[in-house]
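Encoded as structure tokens, the structure appears first; notes follow it.
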Amino acid sequence: MKIEVFDERRCTLGEGPTSSGLKNGYVMWIDILSYKVLWRDIYSGGIGSFDTPAEIGFALPRKNSGIVLGHSTGATLRDADGTETSLPSWSEAESQPIRIPIRWNDAKVAPNGELFAGTMAFDGAKDAGSLYKFSKDGKTITKLLAPVSISNALDWTPDGATFYYVDTLTMQLDKFDFADSGITNRRTLVKFDVSDGMPDGGCSDSEGGMWIGFWGGSHIRRYDITGRKTHEIKLPVKNITSCAFAGENLDLLIVTTASADDGDNPKSGMTFVLEPGINGNKTVLFN
């Protein structure tokens with residue numbers, strides 16, 4: 109399989125790719141540790157980036173060409189002109205104060221327009237985080253799941269009935285029944301071995317399969333709806349962090365990586381593109 113460099117800018121901790129805009133050609137991702145949001149247009153070749161005031165956990169496109177951001181100081185709605193409006197704090201969904209320093213990590217917009225987002229400890233401590241959802245209008249926040257360690261690979265099957273979820277330190281891919289009321293009936297779909305690497309971010313495809321990048325594993329894997337491994341794609345770097353489908357037919361898989369702990373590799377931290385032979389799902393935009 110042909111694997112190409114999509115963007116040569118090296119990220120210390122690249123994460124959270126998305127596609128939106130004309131022909132799903134506007135690809136955006138983040139560099140968590142460099143406090144940066146980056147983008148590239150597949151068709152025009154245009155590139156850009158902007159800095160964030162704190163460590164960034166997610167950046168997702170909105171319907172009005174703005175972005176919803178999650179960083180260590182909170183979540184905000186950023187308009188196209190750069191104006192930012194704060195969303196409710198995670199503390200509003202907690203009955204007790206959180207005493208461990210935490211930040212937002214992975215997030216994704218649900219089929220019904222709600223924003224699912226997880227928190228984690230800065231030092232990656234076990235069971236320090238939670239999974240929350242923001243209402244479609246961004247006015248309320250609700251805790252869905254706790255305790256969790258590092259929320260990753262949040263996505264849904266195309267029919268919207270099943271929610272996929274990885275809590276990295278549990279070394280497993282779980283699935284839930286999804287409805288407007290929340291998530292229920294948690295069960296484990298896949299258990300990973302330490303030799304696989306650590307399961308990180310990922311995305312679902314048009315057949316309901318899940319693509320997951322593995323930190324320390326140098327590969328992406330796809331698992332079908334039964335949990336069977338159907339694909340394993342090797343990349344020329346150590347730490348694969350996440351992936352997302354892009355392009356007019358959603359047939360391009362964009363893969364983010366990290367130069368952290370792989371600094372001697374000149375391609376580590378670059379963003380890659382490949383054609384896996386399966387199409388993805390269109391990004392759901394937040395309000």
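So the number in my numbering is just where the residue sits in the sequence shown, counting from 1, plus 108. Yeah, the Cβ is synthetic: ideal placement off N, Cα and C, and Gly gets one too.
Check                                                                                                                 : Outcome
Nearest neighbour of I164, chosen from K144, N172 and G154 [CA to CA]                                                 : K144
Residues of its chain near F158, where Cβ-Cβ distance is below 6 Å and the 5 sequence neighbours each way are ignored : V145
E222, buried or exposed, once every other Cβ within 10 Å from all chains shown has been counted against 16            : buried
Residue from D189, K337, D308 and F166 with nearest C-alpha to H179                                                   : F166
Limits of the unbroken beta strand (DSSP E) element including L185                                                    : G182 to R186
Short CB-CB distance (under 9 Å) between T391 and chain C                                                             : Of the protein chains in this structure there is only one, and it is not chain C.
Heavy atom of the ligand SAH within 8 Å of S180 beta-carbon                                                           : Among the components of this structure there are no ligands whatsoever, and the ligand SAH is therefore not found.
The beta strand (DSSP E) enclosing V274, as first and last residue numbers                                            : T270 to D275
Exposed unless 16 or more other CB atoms sit within 10 angstroms - verdict on I210                                    : buried
Neighbour-count burial assignment, L358, 16 or more Cβ in a 10 Å radius                                               : buried
Given 8 Å, three or more beta-carbon pairs between the segment 307-316 and the segment 326-343                        : yes
Integer-rounded CB distance, given that P384 should sit under 8 Å from I96                                            : In this structure the chain extends from 109 to 395, so residue 96 is not present and cannot be described.
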